[in-house]
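Enquirer: Dropping a structure here in structure tokens format, bear with me for questions.
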Amino acid sequence: MKKSIKYVLFVLSIAIIGTVFTGCKKDENTLNVYNWGDYIAPEVIEEFEEEYGIKVNYSTFDTNEDMYVKVKSGGNSYDVLFPSDYIIEKMIKEDMLLKLDMNNIPNYKNIDEKFKNLDFDPDNEYSVPYMWGTLGIIYNKNAVTDKVESLDILWDKKYSGQILMLNSQRDSIAISLKRLGYSMNSTDKDELQKAKEELIKQKPLVYAYVGDEVKDLMIGEEADIGVVWSGDAVYMMGENENLDYVVPKEGSNLWFDNMVIPSTSKHKKEAELFINFMCRPDIALKNTEYIGYSTPNKETFKLLSEEMKNDDVAYPKDEGLENCEIFNDLGEFTKEYSRIWTEILAQ
């Protein structure tokens, strides 16, 4: 899988860290962190280790579902996770998360109030915001001649073989549901069937179903249009001035990635120390500048350049989010999404 140069350097740095700490005892001076790929500034881990004398065993996952299955299986003992909203809701329901002691996370005061008391953790007991953003369309302005404002363009035969979709059942099915005027959290089987049929119709037009490789494909102009998360769009637009990003007029997903502590953690105090460290304005600044995603930290936001503060991709105005939805945990109905996605990919 091709990665950006920045990502390769990150992986190498983590590999070195992992090598150094191989064989270390899992005692109170060790912390096991499980995060998305390319989702933290490498020097942040090193700074935490140096400042607190705690060794970090760092590993990554590709999707919320992969993370959930691995944690649920109990095969690994993690201390800090970075799941998204609907998975946090699911993990709370299943008693998979520990309640946080906010006395140990005083930097929580730096989190903007609008990112607190959200539906997936209404009392702010289990999670601390890390990054947020939207799901939208990135496109090459030189190759896409039509006005990009609707999800319909992802089904336009004019761009056959040049469309990238996410290799994510929840996100891709949600795009199809939203295009049809349905909720991204639909549990109506008839609506899901129609969404499935539309994705099957679209499949011959799709160049690839992607993850992190979407960055290189769009930057290198190997594809003309794709579905991406806003933070990746910010990074890609910084690397190629021909790229632009929109949240479709039909609406899309407004998402939040938070830090949590699984109920199997053996190092809760150290985990809370790590979360507090991540909420420090200077540390949060390093992370948001490295990965390109939007910070919920109001003190960090003040440190951003004026250009970034006014960037509608990274920090969209509220009126641009009117039709967006936050994913909900669908409980047992999630199996229906899995079945549909498997059938789509099998076509």
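Quick note, in the working numbering, the sequence shown goes up one by one and the last residue is 353. Using N, Cα and C, we set each Cβ at its ideal position, and we do this for glycine too.
1) Which residues does DSSP list as the beta-bridge partners of Phe262?
2) Going by beta carbon distance, what residues of the same chain come within less than 7 Å of Glu100, once the five residues before and after it are set aside?
3) If we count Cβ pairs, one from each stretch, closer than 8 Å, do we get three or more for the stretch 131-140 versus the stretch 106-118?
4) Which runs of the alpha helix (DSSP H) at least 4 residues long sit entirely within the stretch 61-144? Give them in chain order.
5) Could you compute how far the alpha carbon of Pro89 sits from the alpha carbon of His273?
6) Thinking C-alpha only, which one of Glu328, Pro112, Asn173 is nearest Ser258?
7) Consult DSSP for Cys30 and reduce its assignment to one of helix, strand or coil.
8) For Cys330 and Leu141, what's the separation of their Cα atoms in angstroms?
9) Specify, as a first and last residue, the run of the alpha helix (DSSP H) that Asp162 falls within.
10) Going by CA-CA distance only, name the one from Lys315, Met97, Glu349 that's closest to Lys207.
11) Ends of the alpha helix (DSSP H) at Leu223?
12) Decide yes or no for the touch test of the stretch 68-78 against the stretch 238-251: beta carbon pairs closer than 8 Å, at least 3 of them.
13) Once DSSP output is grouped into helix, strand and coil, what is the label at Glu331?
14) Hey, Ile390 and Asp127 are a contact pair by Cβ (cut 8 Å); roughly how many whole angstroms apart?
15) Helix, strand or coil, according to DSSP, for Val150 in the structure here?
16) Any idea which residues DSSP pairs Tyr40 with across the strands?
17) Taking the CB atoms as reference points, tell me whether Asp68 and Asn146 lie closer together than 8 Å.
18) Can we say the stretch 233-244 touches the stretch 194-202, given the rule of at least three CB pairs closer than 8 Å?
19) Going by other Cβ atoms of all chains shown within 10 Å of its Cβ, with 16 needed for buried, is Leu106 buried or exposed?
20) Look up Tyr343 in the DSSP assignment and say whether it is helix, strand or coil.
21) Name the residue from Glu95, Ile51, Met102, Gly43 whose alpha carbon lies nearest to the alpha carbon of Ser271.
22) With a threshold of 8 Å between beta carbons, is Asn110 in contact with chain D?
23) Are the stretch 251-270 and the stretch 75-89 touching, with three or more C-beta to C-beta distances below 8 Å?
24) For Ala277, which option in Met190, Gly139, Met108 has the closest C-alpha, if you only look at C-alpha atoms?
25) Taking the straight line between their C-alpha atoms, what separation do you get for Gly59 and Asn35?
26) Can you give me the C-alpha to C-alpha distance between Lys12 and Ile143, rounded to a whole angstrom?
27) With distances taken from CA atoms, which of Lys209, Gly217, Asn303 is nearest Phe121?
Expert: Considering the structure as presented:
1) For the purposes of this step, residue 262 is taken as the residue at position 256 of the sequence shown. Looking at the DSSP assignment, Phe262 forms a beta bridge with Trp138.
2) On the sequence shown, residue 100 is found 94 positions in, with the first residue counted as 1. Cβ contact annotation for Glu100 (same chain, cutoff 7 Å, sequence separation greater than five): none.
3) Touching, yes.
4) As summarised for the stretch 61-144, the continuous alpha helix (DSSP H) elements at least 4 residues long and confined to that stretch are 70-79, 91-99, given in chain order.
5) Reading the sequence shown from its first residue, position 83 is the one you call residue 89. Reading the sequence shown from its first residue, position 267 is the one you call residue 273. So the alpha carbons of these two residues sit roughly 19 Å apart.
6) Sequence index remark: in the sequence shown, residue 258 carries index 252 (1-based). Just measuring C-alpha positions, the residue of Glu328, Pro112, Asn173 sitting nearest Ser258 is Glu328.
7) For the purposes of this step, residue 30 is taken as residue 24 along the sequence shown, with counting starting at 1. Note that Cys30 scores 39 on pLDDT, short of 50, meaning its location in the model is unreliable; the coordinates nonetheless yield the value given after this. It is coil, neither helix nor strand.
8) As a first step, residue 330 is located in the sequence shown; it is residue number 324 there, counting from the start. As a first step, residue 141 is located in the sequence shown; it is residue number 135 there, counting from the start. Distance between the alpha carbons of Cys330 and Leu141 is about 9 Å.
9) By one-based count along the sequence shown, residue 162 stands at place 156. Careful: Asp162 lies outside any alpha helix (DSSP H) and carries neither H nor E.
10) Residue 207 sits at position 201 when you count from the first residue of the sequence shown. Comparing C-alpha distances from Lys207 to each of Lys315, Met97, Glu349 shows the shortest one belongs to Glu349.
11) The residue given as residue 223 occupies position 217 in the sequence shown. That run of the alpha helix (DSSP H) goes 220-225.
12) Output reads no: the stretch 238-251 does not touch the stretch 68-78.
13) For the purposes of this step, residue 331 is identified with residue 325 of the sequence shown, where counting begins at 1. Residue state, collapsed to three classes: strand.
14) For the chain, the structure presents residues 7 to 353; residue 390 sits outside this window and is missing.
15) Counting from one through the sequence shown, the residue named residue 150 turns up at place 144. DSSP, reduced to helix, strand and coil, places Val150 outside both helices and strands of the structure shown, so it counts as coil.
16) What you label residue 40 is simply residue 34 of the sequence shown in a count that begins at 1. Bridge partners of Tyr40: Ser65, Leu87.
17) By 1-based counting over the sequence shown, the position of residue 68 is 62. By 1-based counting over the sequence shown, the position of residue 146 is 140. No, Cβ-Cβ distance for Asp68 and Asn146 is not below 8 Å.
18) No, the stretch 233-244 is not in contact with the stretch 194-202.
19) Taking the sequence shown and counting its residues from 1, the one referred to as residue 106 is at position 100. Under this definition Leu106 is a buried residue.
20) Looking up residue 343 in the sequence shown gives position 337. If DSSP states are grouped into helix, strand and coil, Tyr343 belongs with the helices.
21) As a position in the sequence shown, residue 271 is number 265, starting the count at 1. The candidate whose alpha carbon is nearest that of Ser271 is Met102.
22) Going by chain labels, chain D is absent from the structure shown, which holds only one protein chain.
23) The stretch 251-270, when compared against the stretch 75-89, does touch it at the 8 Å Cβ threshold.
24) Start at 1 with the first residue of the sequence shown, and residue 277 comes out as number 271. Each of Met190, Gly139, Met108 was checked against the Cα of Ala277, and the nearest Cα belongs to Met108.
25) If you number the sequence shown from 1, residue 59 lands on position 53. If you number the sequence shown from 1, residue 35 lands on position 29. Gly59 and Asn35: Cα-Cα distance of roughly 7 Å.
26) Counting from 1 along the sequence shown, the entry for residue 12 is found at position 6. Counting from 1 along the sequence shown, the entry for residue 143 is found at position 137. With a pLDDT of 44 at Lys12, under the threshold of 50, the predicted position of this residue should be treated as unreliable, though the coordinate-derived value follows. Taking the straight line joining both Cα atoms gives about 23 Å.
27) Along the sequence shown, one-based indexing puts residue 121 at 115. Ranking Lys209, Gly217, Asn303 by Cα distance to Phe121 puts Asn303 first.
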